[in-house]
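Number of protein chains: 2
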Amino acid sequence: MTALRYALLALLARSPLTGYDLAQRMRQSTDFFWTARHSQIYPELAQMEKEGLLTHETVRQTERPDKKVFTMTGAGYAALRAWLVQPVRPAPERDEMMLKTFCAWLIEPREAVGLFRAQEAEHMARLTTYEALIADIERLPDVRSRQVKSKAFTSYATLRRGIQYERGYAEWCRWMAETLESAAREEHGEHREHAE
Amino acid sequence: MTALRYALLALLARSPLTGYDLAQRMRQSTDFFWTARHSQIYPELAQMEKEGLLTHETVRQTERPDKKVFTMTGAGYAALRAWLVQPVRPAPERDEMMLKTFCAWLIEPREAVGLFRAQEAEHMARLTTYEALIADIERLPDVRSRQVKSKAFTSYATLRRGIQYERGYAEWCRWMAETLESAAREEHGEHREHAE
DNA sequence: CGGGTATATGTCATATTTTACATATACCCG
DNA sequence: CGGGTATATGTAAAATATGACATATACCCG
Numbered sequence: 003m004t005a006l007r008y009a010l011l012a013l014l015a016r017s018p019l020t021g022y023d024l025a026q027r028m029r030q031s032t033d034f035f036w037t038a039r040h041s042q043i044y045p046e047l048a049q050m051e052k053e054g055l056l057t058h059e060t061v062r063q064t065e066r067p068d069k070k071v072f073t074m075t076g077a078g079y080a081a082l083r084a085w086l087v088q089p090v091r092p093a094p095e096r097d098e099m100m101l102k103t104f105c106a107w108l109i110e111p112r113e114a115v116g117l118f119r120a121q122e123a124e125h126m127a128r129l130t131t132y133e134a135l136i137a138d139i140e141r142l143p144d145v146r147s148r149q150v151k152s153k154a155f156t157s158y159a160t161l162r163r164g165i166q167y168e169r170g171y172a173e174w175c176r177w178m179a180e181t182l183e184s185a186a187r188e189e190h191g192e193h194r195e196h197a198e
Numbered sequence: 003m004t005a006l007r008y009a010l011l012a013l014l015a016r017s018p019l020t021g022y023d024l025a026q027r028m029r030q031s032t033d034f035f036w037t038a039r040h041s042q043i044y045p046e047l048a049q050m051e052k053e054g055l056l057t058h059e060t061v062r063q064t065e066r067p068d069k070k071v072f073t074m075t076g077a078g079y080a081a082l083r084a085w086l087v088q089p090v091r092p093a094p095e096r097d098e099m100m101l102k103t104f105c106a107w108l109i110e111p112r113e114a115v116g117l118f119r120a121q122e123a124e125h126m127a128r129l130t131t132y133e134a135l136i137a138d139i140e141r142l143p144d145v146r147s148r149q150v151k152s153k154a155f156t157s158y159a160t161l162r163r164g165i166q167y168e169r170g171y172a173e174w175c176r177w178m179a180e181t182l183e184s185a186a187r188e189e190h191g192e193h194r195e196h197a198e
């Protein structure tokens with residue numbers, strides 16, 4: 003059922019982490035396809051430990067609060083592998099931007115343009131971030147040699163999709179904004195052949 | 003907060019509908035970007051009516067159970083328009099397929115291939131559906147003339163994005179499957195130059 | 001006539017997620 | 001020294017969403 007635990011296992015399979023670390027990784031590396039707040043993470047870790055998927059070791063720190071580093075058990079790996087080969091259940095998509103687009107006929111084109119320009123900028127910014135990340139990862143030997151059983155390659159694969167997604171979304175926003183701008187111009191500014 | 007009500011208003015702005023109709027439309031037309039079950043829809047409609055965004059009229063039927071047809075009020079339109087121009091809040095993405103991709107290094111390439119082939123087929127199927135829908139809608143005068151303030155155009159715009167999304171996702175799945183297949187061949191089948 | 005599907009509307013328990021509350025140390029800046 | 005940020009871990013209330021239960025009519029197929 004709950005994919006949250008597999009998201010946590012996905013990260014813990016790469017290296018032992020604390021709950022705090024997990025929340026950070028989610029905001030940084032897996033944010034594009036999975037994310038959770040610490041308030042969801044801590045209880046889930048406790049539950050998973052109770053079920054024997056994880057163990058933890060308390061690391062005493064003087065400079066900072068003590069922390070609990072979680073490590074996957076054999077049962078944890080087995081659970082992750084078992085889930086991995088299960089067919090993906092189609093999940094409902096929810097995209098507020100599309101919902102607004104669907105209602106855009108209710109407002110003036112010039113009022114709507116800002117929404118699409120803002121989203122375009124948002125997706126362009128993420129695109130830039132992902133492109134910077136992939137540039138580094140692409141140089142790794144495992145990725146160059148298509149070593150599919152490496153962490154690096156699977157990170158690369160998700161980034162490739164992320165880039166494709168952001169680029170596509172940004173393009174669509176631009177098309178939409180331009181179409182609206184053109185409609186707004188025609189509506190009242192008339193069609194002045196020579197600008198200014 | 004709750005975008006569900008705006009999803010309902012988005013559909014009701016186009017024509018008065020029953021709760022049952024709304025559930026159907028969500029599965030059919032807005033499924034790509036918003037969906038809800040009837041168990042969520044009925045209570046929300048009641049709440050919205052109480053808040054004055056909707057009114058309903060009971061239609062007696064002999065052949066079937068009586069139904070409640072909901073119509074938006076002026077306050078409903080005002081609420082939808084107000085929401086529409088608000089900036090889109092970035093929502094967390096959750097994509098189980100990407101999560102599995104991220105862990106794919108844990109299993110054998112030949113075990114993973116099926117997942118990607120299945121998703122490719124899934125996205126291709128949706129692509130086909132959307133392409134059939136857009137073919138009809140593209141012929142409408144409002145769409146041809148880029149009449150952005152028409153229901154038809156905004157439907158067209160969301161479909162365009164849907165098609166782009168599905169095509170991109172299917173392509174990525176194909177790339178992933180092919181990369182895994184190639185890795186699986188190299189791993190044990192060696193590199194037989196001449197097949198069979 | 002029994003079973004399945006479509007129409008039609010609801011409730012309720014549970015699961016999932018977010019937001020807010022809560023605490024504690026240490027560092028840096030002004 | 002006060003305020004902000006980062007590290008670190010939790011709890012609890014509230015919002016959101018799913019899945020199951022519940023009922024009723026009518027049609028079609030075998």
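So the protein sequences, as listed, match chains A and B. For the working numbering, count along the first sequence from 1 and bump the result up by 2. For the working numbering, count along the second sequence from 1 and bump the result up by 2. Glycine included, every Cβ here is placed at the ideal spot set by N, Cα and C.
Quick check: threonine 103 (chain B) and threonine 37 (chain A), are their CB atoms within less than 9 Å of each other? In the second sequence, residue 103 (chain B) corresponds to position 101, counting from 1. In the first sequence, residue 37 (chain A) corresponds to position 35, counting from 1. Not a contact, by the Cβ cut-off of 9 Å.
Roughly how many angstroms lie between the CA atoms of methionine 50 (chain A) and leucine 56 (chain A), to the nearest whole one? Here the question's residue 50 (chain A) lines up with position 48 in the first sequence. Here the question's residue 56 (chain A) lines up with position 54 in the first sequence. Taking the straight line from one Cα to the other gives about 6 Å.
Could you pull the start and end residues of the alpha helix (DSSP H) that glutamate 122 (chain B) belongs to? Counting from 1 along the second sequence, the entry for residue 122 (chain B) is found at position 120. Unbroken alpha helix (DSSP H) run through glutamate 122 (chain B): 111-139.
Could you pull the start and end residues of the beta strand (DSSP E) that phenylalanine 72 (chain A) belongs to? For the purposes of this step, residue 72 (chain A) is taken as residue 70 along the first sequence, with counting starting at 1. Looking at the DSSP string, the run of the beta strand (DSSP E) that includes phenylalanine 72 (chain A) is 69-74.
What did DSSP end up calling threonine 57 (chain B) once you bin it into helix, strand or coil? As a position in the second sequence, residue 57 (chain B) is number 55, starting the count at 1. Threonine 57 (chain B): strand per DSSP, three-state reduction.
What are the residues that DSSP puts in a beta bridge with leucine 19 (chain A)? Counting from one through the first sequence, the residue named residue 19 (chain A) turns up at place 17. Per DSSP, the beta-bridge partners of leucine 19 (chain A) are A:Phe72.
May I have the straight-line CA-CA distance separating arginine 16 (chain A) from phenylalanine 72 (chain A), to the nearest angstrom? Counting from one through the first sequence, the residue named residue 16 (chain A) turns up at place 14. Counting from one through the first sequence, the residue named residue 72 (chain A) turns up at place 70. In this structure, the straight-line span from the alpha carbon of arginine 16 (chain A) to that of phenylalanine 72 (chain A) is close to 12 Å.
Take every Cβ of the segment 166-186 of chain A, pair it with every Cβ of the segment 180-188 of chain B, and state whether three or more of those distances are shorter than 8 Å. Result no; under three Cβ-Cβ pairs closer than 8 Å.
Check whether the Cβ of threonine 160 (chain B) sits closer than 8 Å to any heavy atom of the ligand GTP, and report yes or no. The ligand GTP is absent from the structure shown, which contains no ligand whatsoever.
Nearest chain A C-beta to proline 89 (chain B) closer than 9 Å, yes or no? Indexing the second sequence from 1 puts residue 89 (chain B) at position 87. It does; some Cβ of chain A falls within 9 Å.
For alanine 159 (chain B), which of helix, strand or coil comes out of DSSP? Position 157 of the second sequence, counting from 1, holds the residue named residue 159 (chain B). Helix.
By a C-beta neighbour count over all protein chains shown, 10 Å radius and 16 as the cutoff for buried, is alanine 9 (chain A) buried or exposed? As a first step, residue 9 (chain A) is located in the first sequence; it is residue number 7 there, counting from the start. By the neighbour-count rule (16 or more Cβ atoms within 10 Å), alanine 9 (chain A) is buried.
What does methionine 126 (chain B) reach in chain A if we use C-beta pairs closer than 7 Å? Mapped onto the second sequence, residue 126 (chain B) falls at position 124. Residues of chain A passing the Cβ test: none, with the nearest at roughly 14 Å.
Hey, does tyrosine 44 (chain B) have any beta-carbon neighbour from chain A nearer than 9 Å? Taking the second sequence and counting its residues from 1, one reaches residue 44 (chain B) at position 42. Answer no: the Cβ-Cβ gap between tyrosine 44 (chain B) and chain A never drops below 9 Å.
Where does leucine 142 (chain A) fall in DSSP's three states? The sequence position of residue 142 (chain A) within the first sequence is 140, counting from 1. Three-state result, leucine 142 (chain A): coil.
Work out the CA separation of alanine 154 (chain A) and arginine 146 (chain A) for me, nearest whole Å. Against the first sequence, residue 146 (chain A) aligns to sequence position 144. Against the first sequence, residue 154 (chain A) aligns to sequence position 152. Their Cα atoms are separated by approximately 10 Å.
Using 9 Å as the limit for Cβ to Cβ distance, is leucine 101 (chain A) near chain B? Within the first sequence, numbered from 1, the residue matching residue 101 (chain A) stands at position 99. Closer than 9 Å to some Cβ of chain B, the Cβ of leucine 101 (chain A) qualifies, so yes.
How big is the Cα-Cα spacing for threonine 20 (chain A) and glutamine 121 (chain A)? Residue mapping note: residue 20 (chain A) aligns to position 18 of the first sequence, counting from 1. Residue mapping note: residue 121 (chain A) aligns to position 119 of the first sequence, counting from 1. One C-alpha to the other measures close to 34 Å.
Buried or exposed: glutamine 116 (chain B), going by 16 or more other Cβ atoms within 10 Å of its Cβ? Counting from 1 along the second sequence, the entry for residue 116 (chain B) is found at position 114. For the sequence presented, residue 116 (chain B) should be read as glycine rather than glutamine. Burial call: exposed.
Run down chain B in chain order and give the residues with a C-beta less than 9 Å from the C-beta of glutamine 166 (chain A). Indexing the first sequence from 1 puts residue 166 (chain A) at position 164. Close to glutamine 166 (chain A), with beta-carbon spacing below 9 Å, are these residues of chain B in chain order: Gly170, Tyr171, Glu173 and Trp174.
Could you have a look at glutamate 198 (chain A) and say whether DSSP puts it in helix, strand or coil? Translated into the one-based positions of the first sequence, residue 198 (chain A) becomes position 196. Note that glutamate 198 (chain A) has pLDDT 40, beneath the 50 cutoff, so the model's placement of it is unreliable and the number below is only indicative. Note: glutamate 198 (chain A) maps to coil in three-state DSSP.
Would you mind working out which of B:Phe34, B:Glu168 and B:Gln42 sits nearest alanine 123 (chain B), comparing C-alpha positions? On the second sequence, residue 123 (chain B) is found 121 positions in, with the first residue counted as 1. Of B:Phe34, B:Glu168 and B:Gln42, the residue nearest in Cα terms is B:Glu168.
Hey, valine 87 (chain B) and glutamate 113 (chain A) are a contact pair by Cβ (cut 8 Å); roughly how many whole angstroms apart? Numbered from its first residue, the second sequence carries residue 87 (chain B) at position 85. Numbered from its first residue, the first sequence carries residue 113 (chain A) at position 111. Contact holds; Cβ gap of about 6 Å.
Anticipated Cβ contact below 8 Å, alanine 25 (chain B) with arginine 39 (chain B), distance rounded: As a first step, residue 25 (chain B) must be located in the second sequence, where it is residue number 23. As a first step, residue 39 (chain B) must be located in the second sequence, where it is residue number 37. Cβ atoms of alanine 25 (chain B) and arginine 39 (chain B) come within 8 Å of each other, at about 7 Å.
When the Cα of methionine 126 (chain B) is compared with those of B:Ala80, B:Glu98, B:Arg62 and B:Tyr171, which residue comes out closest? In the second sequence, residue 126 (chain B) corresponds to position 124, counting from 1. Checked all of B:Ala80, B:Glu98, B:Arg62 and B:Tyr171; the closest Cα to methionine 126 (chain B) is B:Tyr171.
Residue environment, alanine 80 (chain B), which counts as buried when at least 16 other CB atoms sit within 10 Å: Here residue 80 (chain B) is taken as the residue at index 78 of the second sequence, counted from 1. For alanine 80 (chain B), the number of other beta carbons within 10 angstroms of its own is below 16, and it is reported as exposed.
State the CB to CB distance for the pair proline 111 (chain A) and alanine 186 (chain A), rounded to an integer number of angstroms; the pair is presumed to be in contact (CB under 8 Å). As a working note, residue 111 (chain A) is residue 109 in the first sequence. As a working note, residue 186 (chain A) is residue 184 in the first sequence. Right, the Cβ-Cβ distance comes to about 4 Å (below 8 Å), so this counts as a contact.
Whole angstroms are fine: how far does the CA of threonine 4 (chain B) sit from the CA of glutamine 42 (chain A)? For the purposes of this step, residue 42 (chain A) is taken as the residue at position 40 of the first sequence. For the purposes of this step, residue 4 (chain B) is taken as the residue at position 2 of the second sequence. Going from the Cα of glutamine 42 (chain A) to the Cα of threonine 4 (chain B) covers about 20 Å.
Interface positions of the segment 177-191 of chain A facing chain B (Cβ-Cβ less than 8 Å), listed along the chain: Trp177, Met178, Thr181, Leu182, Ser184 and Ala185
Looking at the structure shown, is arginine 7 (chain A) part of a helix, part of a strand, or coil, going by DSSP? To locate residue 7 (chain A), count along the first sequence from 1; it is residue 5. Helix.
Alpha-carbon spacing of threonine 75 (chain A) relative to glutamate 95 (chain A), whole angstroms: By 1-based counting over the first sequence, the position of residue 75 (chain A) is 73. By 1-based counting over the first sequence, the position of residue 95 (chain A) is 93. Roughly 33 Å separates the two Cα atoms.
If you count every other CB in all the chains shown that lies within 10 Å of the CB of glycine 54 (chain A), and 16 or more means buried, which is it? Numbered from 1 along the first sequence, position 52 holds the residue referred to as residue 54 (chain A). With fewer than 16 Cβ atoms within 10 Å of its Cβ, glycine 54 (chain A) is classed as exposed.
So, at 8 Å on beta carbons, what are the nonlocal neighbours of arginine 162 (chain A) in its own chain, with the 5 sequence-adjacent residues on each side left out? As a first step, residue 162 (chain A) must be located in the first sequence, where it is residue number 160. Cβ within range, chain order: Ile136.
Quick check on the DSSP output: the alpha helix (DSSP H) that includes glutamate 98 (chain B) runs from which residue to which? Translated into the one-based positions of the second sequence, residue 98 (chain B) becomes position 96. First-last of the alpha helix (DSSP H) with glutamate 98 (chain B): 98-105.
Beta-carbon of phenylalanine 34 (chain B) versus every beta-carbon of chain A: anything under 9 Å? For the purposes of this step, residue 34 (chain B) is taken as residue 32 along the second sequence, with counting starting at 1. For phenylalanine 34 (chain B), the answer is yes, since a Cβ of chain A falls inside 9 Å of its Cβ.
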